[in-house]
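Novice:
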Amino acid sequence: MSETESKPSYGPDDARAEYQAVVDYHASIVSSRFTIAGLYVAATGFVAAAVFAADTTWWARFGGSAFALWLTVCLWILELRSRALFTNVAHRGIDIEHRCWGLVDGDWYAGFFSRQYKEPPAADPNGPEELHRRSEPDRPRLAWASKPMSIRLSRFISHSMGLDLLYAGGLLFWGALLVRALYKVLC
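Quick note on the numbering used here: the sequence shown kicks off at 143 and runs consecutively.
#1: What residue from Val327, Cys329, Phe315, Lys326 has the CA that sits closest to Val215's CA?
#2: Using CA coordinates, which residue listed in Arg283, Ala232, Tyr251, Arg225 is at the minimum distance from Asp306?
#3: Is the beta carbon of Val321 sitting closer than 8 Å to the one on Trp200?
#4: For the candidate residues Lys289, Ala190, Ser173, whose alpha-carbon lies nearest to that of Gly312?
#5: Tell me whether Asp155 sits in a helix, a strand or coil according to DSSP, three-state version.
#6: Run through DSSP, which three-state label would Ser300 get?
#7: On a CA-only basis, which of Ala184, Ala157, Ala159, Gln162 is nearest Leu331? Give me that one, please.
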């Protein structure tokens, strides 16, 4: 058997099947991010209710704050890993759109992932990370505003930024509470 006969071919049906798997996996990862964030808010609400109860000792507040701080760090790590995974999966979707389906030139942004991630055509996937950034962000509107937000401000409007603020705020809040509880226990 020759080398060409032993290699399986990668045809349009294979590309379509892989693309569907990429779409499904991407959706699953993105969905899990918000499920985890929702569970985090519920869990910290439960811990906060226990920590702020009037009859709670400072030792219990220290323990509850330490637990909530640990939970925040763990879930933020999961968020960062999920973000890396869905970005890698999306890059494979972009690769299929351009290499297998021929969405180039005027159709460059016609694919699902290409439209979502808006990587410019000249981006080198092996180049520095800056090349993978959007050239211009989407510009959302506030409900009462007639004009979209400025490009400068729009760069900070993303789900990832919102989740980072949630976890960073949790770190600050529970860290400060932990320090206060430790101070009360030791003094």
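For each residue, glycine too, the CB sits at the ideal point set by N, CA and C.
Specialist: Per the coordinate set shown:
#1: As a working note, residue 215 is residue 73 in the sequence shown. Comparing Cα positions, the closest option is Phe315.
#2: Stepping through the sequence shown from its first residue, residue 306 is reached at position 164. Considering only alpha carbons, the answer is Arg225.
#3: Locating residue 321 in the sequence shown gives position 179, where the first residue counts as 1. Locating residue 200 in the sequence shown gives position 58, where the first residue counts as 1. Contact flag unset, no.
#4: Working through the sequence shown from its first residue, we reach residue 312 at position 170. In terms of Cα proximity to Gly312, the closest of Lys289, Ala190, Ser173 is Ala190.
#5: Here residue 155 refers to the residue found at position 13 when the sequence shown is read from its first residue. In the structure shown, Asp155 adopts helical secondary structure according to DSSP, grouped into three states.
#6: For the purposes of this step, residue 300 is identified with residue 158 of the sequence shown, where counting begins at 1. Here DSSP, grouped into helix, strand and coil, assigns Ser300 to coil.
#7: Lying before the first or after the last residue shown, residue 331 is absent from the chain, which here runs from 143 to 329.
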